[in-house]
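Participant:
Numbering (the working numbering), first residue to last: 2 to 524.
(1) Can you look up residue 56 in the DSSP assignment and give me helix, strand or coil?
(2) Please tell me whether residue 53 and residue 313 are closer than 7 Å, where the distance is taken between their beta carbons.
(3) Are the stretch 91-110 and the stretch 409-427 touching by the rule of at least three beta carbon pairs closer than 8 Å?
(4) So, at 8 Å on beta carbons, what are the nonlocal neighbours of residue 73 in its own chain, with the 5 sequence-adjacent residues on each side left out?
(5) Of the choices 144, 453, 149, whose alpha-carbon is the least far from that of residue 125?
(6) Under a Cβ-count criterion, where at least 16 other Cβ atoms within 10 Å of its own Cβ denotes burial, should residue 194 be classed as buried or exposed?
(7) Look up residue 314 in the DSSP assignment and say whether it is helix, strand or coil.
(8) By DSSP's criteria, residue 109 is part of a beta bridge. Which residues make up the other side?
(9) Given this structure, state the Cα-to-Cα distance separating residue 330 from residue 261, to the nearest angstrom.
(10) Is the beta carbon of residue 1 less than 7 Å from the beta carbon of residue 168?
(11) Can you tell me which of 113, 282, 157, 492 puts its alpha carbon nearest to the alpha carbon of residue 171?
(12) Might you give, ordered along the chain, the residues of its own chain that have their beta carbon closer than 7 Å to the beta carbon of residue 24, omitting 5 neighbours on each side?
(13) Residue 448 by DSSP, collapsed to three states: which one?
(14) Using a Cβ-Cβ distance cut-off of 7 Å, determine whether residue 285 contacts chain B.
(15) Does residue 374 pass the burial test, meaning 16 or more other C-beta atoms within 10 Å, or should it be called exposed?
(16) Leaving out the 5 sequence neighbours to the left and right, which residues in its chain are closer than 6 Å to residue 386 when beta-carbon positions are compared?
(17) Would you check if the distance between the CB atom of residue 117 and the CB atom of residue 159 is smaller than 7 Å?
(18) Looking at the secondary structure, which residues open and close the alpha helix (DSSP H) in which residue 161 lies?
(19) Taking the alpha-carbon of residue 191 as reference, which of 359, 361, 393 has the nearest alpha-carbon?
(20) Can you grab the Cα-Cα spacing for the pair residue 565 / residue 399, in whole Å?
(21) Quick one: what's got a C-beta closer than 8 Å to residue 206's C-beta in the same chain, skipping five residues either side?
(22) Taking only the alpha-carbon atoms, compute the straight-line gap between residue 443 and residue 302 and give it to the nearest angstrom.
(23) Quick check on residue 1: does DSSP put it in helix, strand or coil?
(24) Here's the rule: buried if 16 or more other CB atoms are within 10 angstroms of the residue's CB, otherwise exposed. What is residue 51?
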């Protein structure tokens, strides 16, 4: 309502809530169309850049940590499997814990999510650097890597869970969120390319010859020790570069993005208990069906990621090419992200899931059946990147649809966004930790030789199964589960209209409350 000169001369009826007026006195209210605030390209880019730190560090750890522990730090395979499993399992547990803490966090001048991102960044880069440092003592190495791996995963979770939930607070428009998600996925895949390029190319420049025989001469052992030291320094240099990128991206995100609260959320005075929210979230059918499908498909790609370096080095025999093959996969994925964004807009998200993720199956079969051929391997790598792009984009594009559906069914329940995102990440990370731990342990059982120029036939066969047949089975199970997912394009359009009506009703209710307060003051 206008205040100041001329305000007193307005009709008193304009001050009264419509429920107080008699039938004949009800004023005619002209509802002005509410302008929809659109995100600028700069806002979307700043938001998207915030996804790079998680992907750059996650890519380096996912592709290189296993071979680093086995061949550079020279941790025995059993201890390496413990580090990888416990680290991933702890990483999974921290997601709902951080989600719980965020749901209890109050809104501040910076927002509810941004303080987590700001204060976790400095500690995270220190812990990340120490993961790639080889201590002088050998007896406590397992504890060293386990401690700093778990610490880093905790701190990067404090960054990534609020960042993921930020999707719901950058705009109230579904189309704007989808567009920002496409920007984010493009930058995240660029982050994986960057992580692969930095880690792979810097480490690849170091001279790290293998040991041809377990009973090699002392001279060969001395030369090998010198080359190991060079490789260790290369890993530290790569860690320093990636840590710098982490800080730069966090600063851009903090300065370029502001959180927006829903109008109906601001009216809520009492915060919902976390465990009640968790119970409601886990009983929401579309959410359970979505994470069940993506659990298996994500697990398939993580299994390939964790064992790809060893597979290229020992099964295919491309010791000096695996970092370039990784780069080909990620570059192809980056280029095709906009294509998948157009595809899901044109044909729907469920169709994009079936086409995008299933396209990896023929290429995995080809890798399983073909002999070692570098040119064919590069062709397969580029083609596989197309499927990787779909696997990156679709989960984060579909989760907001599930949250919108939940808000319609539970309109008075708010603050559950971190629970949705954190538990999705929890299930995928825990499953990947189990798979990576089991796969590394299986290498120990089949006789893996640390820094060997070649491996026994059983090790090569195991690596081939872990990178080809196991992912194929997991992808097929995931696609079958997606048949149960109920939110198609028609359902999305209905939810969008219903949410818009809910927001308009909440806004008009807020205006009515303000008018009542002013009336009481005047009387």
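All residues carry an ideal CB built from backbone N, CA and C; glycine is no exception.
Facilitator: In short:
(1) helix
(2) no
(3) yes
(4) 135, 209, 229, 232, 233, 236
(5) With distances taken between Cα atoms, residue 125 lies closest to 149.
(6) buried
(7) helix
(8) Looking at the DSSP output, residue 109 sits in a beta bridge with 112.
(9) 36 Å
(10) Residue 1 lies beyond the residue range present for the chain, which begins at 2 and ends at 524; the question has no answer from this structure.
(11) 113
(12) Summary for residue 24: the model assigns pLDDT 43, below 50, so the residue's position carries little reliability; its value from the coordinates is reported in the next sentence. Excluding sequence neighbours, residue 24 sits near nothing in its chain.
(13) coil
(14) Looking at the structure shown, chain B is missing, and only one protein chain is on hand.
(15) exposed
(16) 330, 333, 334
(17) yes
(18) 142-166
(19) 393
(20) Here the chain comprises residues numbered 2 to 524, so residue 565 is not present and cannot be evaluated.
(21) 235
(22) 18 Å
(23) Past the boundaries of the shown model lies residue 1; the chain is included only from 2 to 524, so the question cannot be answered.
(24) buried
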